[in-house]
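For reference, the structure is listed below as structure tokens.
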Ligand code: SAH
Ligand code: F3S
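Numbering (the numbering used here), first residue to last: 15 to 453.
Shown next, in the form of structure tokens:
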């Protein structure tokens with residue numbers, strides 16, 4: 015009988031990408047098929063995240079529930095992957111001996127080997143090493159699901175911000191080869207993909223060699239990908255302010271396929287806090303990057319990550335973040351209260367701000383950015399936007415798709431525009447969706 019795998023993904027887009035790869039590999043090598051239901055699975059995988067607090071606790075409590083399932087069905091196998099696995103390693107087996115496999119973000123391709131080893135020895139298997147970029151040479155053919163697809167181009171992070179676990183759980187920055195990226199993109203376009211989202215912790219730290227052994231950077235990679243005719247739009251996430259070179263800024267001016275939108279984490283508007291975070295830029299440096307981007311690409315919208323209540327953040331620092339939000343006019347945010355992570359330098363800092371004050375500050379910045387986003391949406395009325403239509407409501411011939419800046423735009427037409435990228439003149443906003451006509 016065909017075996018079934020159920021995978022539960024926590025955290026970022028990189029984990030989502032990795033989960034898809036795990037399913038593809040298990041399908042290829044072990045003939046597993048994917049199921050959305052835990053209780054019919056032969057293998058249950060948690061692909062975990064440890065970016066903020068309580069992640070480990072949550073994983074252990076979810077594992078506790080699986081133990082009951084395993085008691086009823088002893089042949090059930092349980093695997094823990096991702097960043098909690100990378101951080102905890104053997105500890106997971108000690109605390110939860112019914113777990114059969116522990117693997118890290120860089121060893122997911124070894125899961126079939128771990129399955130074979132466990133079968134031979136009957137012993138739980140742990141592999142959380144960082145075998146360089148080996149993972150990308152061992153992936154199965156990508157399976158597209160729709161017209162948009164993500165492609166991971168680099169792994170890890172070498173920035174070591176004082177609050178962050180990523181360099182420890184995912185390893186140092188390492189770029190995938192140009193060939194393997196291009197091959198994956200071509201394979202996806204053969205399956206109908208026209209929008210590519212380039213993924214990595216710091217995509218603009220990408221460096222590789224081209225066929226003439228000349229070093230290429232992230233902007234060059236975008237150029238290579240945009241030469242593939244079938245690719246109509248390119249996005250990326252996440253980029254880092256310190257890797258924002260002129261080549262990439264120019265790409266926003268010249269490359270027609272690159273979406274007019276950028277997610278560029280700032281974390282705070284206070285230089286004192288930025289220094290404590292070891293971000294290695296000042297607010298003015300960040301602002302000057304945005305000024306250059308706006309000059310190269312008028313109308314570009316910017317979203318960002320914020321950490322509120324970093325140790326030592328005062329009301330004055332918070333006011334600086336508010337000022338920055340207004341000046342840059344951020345369109346969207348991923349903002350969270352600072353969470354001390356074991357093993358990171360910031361975890362040892364004195365933190366005197368009360369939980370209530372942090373919540374108030376977070377609420378304030380989220381409200382402000384939501385209002386700015388709403389104002390940006392209003393400004394889109396009457397403009398022409400490029401929309402990738404990936405959804406059809408047959409009842410009323412209404413197509414739905416996303417603009418470069420992630421707004422959902424609806425168009426009603428008798429013409430079949432599904433899976434196409436088209437220009438739309440925006441005419442109205444109903445409080446949730448924009449509406450328009452094809453031009
Ligand atoms: N490469 C990105 C960050 C990726 S981590 C960069 O340029 O900064 C994603 C986000 O998680 C970070 O931007 C940060 O806002 C948040 N984050 C990371 N560690 C955190 C912590 N200890 N507490 C709260 N938020 C955190
Ligand atoms: Fe984390 Fe800073 Fe890297 S936030 S992912 S260490 S850029």
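Here a beta-carbon is modelled for each residue, glycine too, at the ideal position from N, C-alpha and C.
heavy atom of ligand 1 below 7 Å from residue i C-beta
i           : result
residue 319 : yes
residue 449 : no
residue 178 : yes
residue 30  : no
residue 97  : no
residue 281 : yes
residue 275 : no
residue 353 : yes
residue 254 : yes
C-alpha gap between residue i and residue j, whole angstroms
i           : j           : result
residue 384 : residue 366 : 28 Å
residue 334 : residue 268 : 34 Å
residue 330 : residue 205 : 53 Å
residue 212 : residue 149 : 17 Å
residue 20  : residue 82  : 16 Å
residue 249 : residue 370 : 37 Å
residue 104 : residue 336 : 43 Å
residue 95  : residue 283 : 35 Å
residue 154 : residue 433 : 25 Å
residue 232 : residue 259 : 9 Å
residue 241 : residue 247 : 11 Å
residue 454 : residue 327 : Residue coverage of the chain in this structure runs from 15 to 453, which leaves residue 454 outside it and unanswerable.
residue 278 : residue 201 : 29 Å
residue 436 : residue 453 : 8 Å
residue 237 : residue 408 : 37 Å
residue 304 : residue 276 : 10 Å
residue 257 : residue 59  : 34 Å
residue 224 : residue 239 : 13 Å
residue 133 : residue 22  : 23 Å
residue 157 : residue 368 : 47 Å
residue 320 : residue 288 : 11 Å
residue 374 : residue 341 : 21 Å
residue 296 : residue 338 : 12 Å
residue 348 : residue 72  : 21 Å
residue 195 : residue 427 : 36 Å
Integer-rounded CB distance, given that residue j should sit under 8 Å from residue i
i           : j           : result
residue 536 : residue 64  : With the chain represented from 15 up to 453, any question about residue 536 goes unanswered, as that position is not in the structure.
residue 116 : residue 70  : Between residue 70 and residue 116 the Cβ distance is about 13 Å, and since that is not below 8 Å, they are no contact.
residue 313 : residue 274 : 6 Å
residue 230 : residue 192 : 7 Å
Residue i CB to nearest heavy atom of ligand 2 below 7 Å
i           : result
residue 63  : no
residue 215 : yes
residue 20  : no
residue 181 : yes
residue 174 : yes
residue 311 : no
Proximal residues to residue i (C-beta, below 7 Å), its chain only, five neighbours per side dropped
i           : result
residue 172 : 181, 186, 187
residue 390 : 315, 345
residue 416 : 401, 402, 422
residue 244 : 203, 208
residue 54  : 18
residue 286 : 331
residue 106 : 94, 99, 113, 116
residue 42  : 154
residue 293 : 175, 281
residue 142 : 99, 100, 103, 116, 117, 118, 121
residue 29  : 23, 61, 63, 96
Chain-order list of residues whose beta-carbon lies under 6 Å from that of residue i (same chain, five-residue window excluded)
i           : result
residue 424 : 412, 414, 447, 449
residue 405 : 414
residue 235 : 220
residue 57  : 19, 91
residue 144 : 120, 185
residue 439 : 398, 450, 451, 453
Close Cβ partners of residue i (< 8 Å) along its chain, the five nearest in sequence each way excluded
i           : result
residue 190 : 147, 150, 166, 167, 168, 169, 222
residue 44  : 17, 126, 129
residue 217 : 167, 168, 232, 250, 251, 252, 253
residue 372 : 322, 323, 351, 352
residue 50  : 20
residue 364 : 325, 326
Heavy atom of ligand 3 within 7 Å of residue i beta-carbon
i           : result
residue 245 : Although ligand 3 was asked about, the structure shown includes only ligand 1 and ligand 2 as ligands.
To test your reading of the DSSP string, which unbroken alpha helix (DSSP H) runs of 4 or more residues are found completely within the segment 337–415? Within the segment 337–415, the complete alpha helix (DSSP H) runs of at least 4 residues are 369–393.
In chain order, which beta strand (DSSP E) runs of at least 3 residues are fully inside the segment 67–129? Correct list: 91–95, 115–117.
For a minimum of 4 consecutive residues, which ranges assigned as the alpha helix (DSSP H) are wholly contained in the segment 179–228? Within the segment 179–228, the complete alpha helix (DSSP H) runs of at least 4 residues are 180–183, 192–204.
Scan the segment 419–444 and note each continuous beta strand (DSSP E) run of 3 residues or more that stays entirely inside, going in chain order. If we require 3 residues or more, the beta strand (DSSP E) runs fully inside the segment 419–444 come out as 422–426, 435–443.
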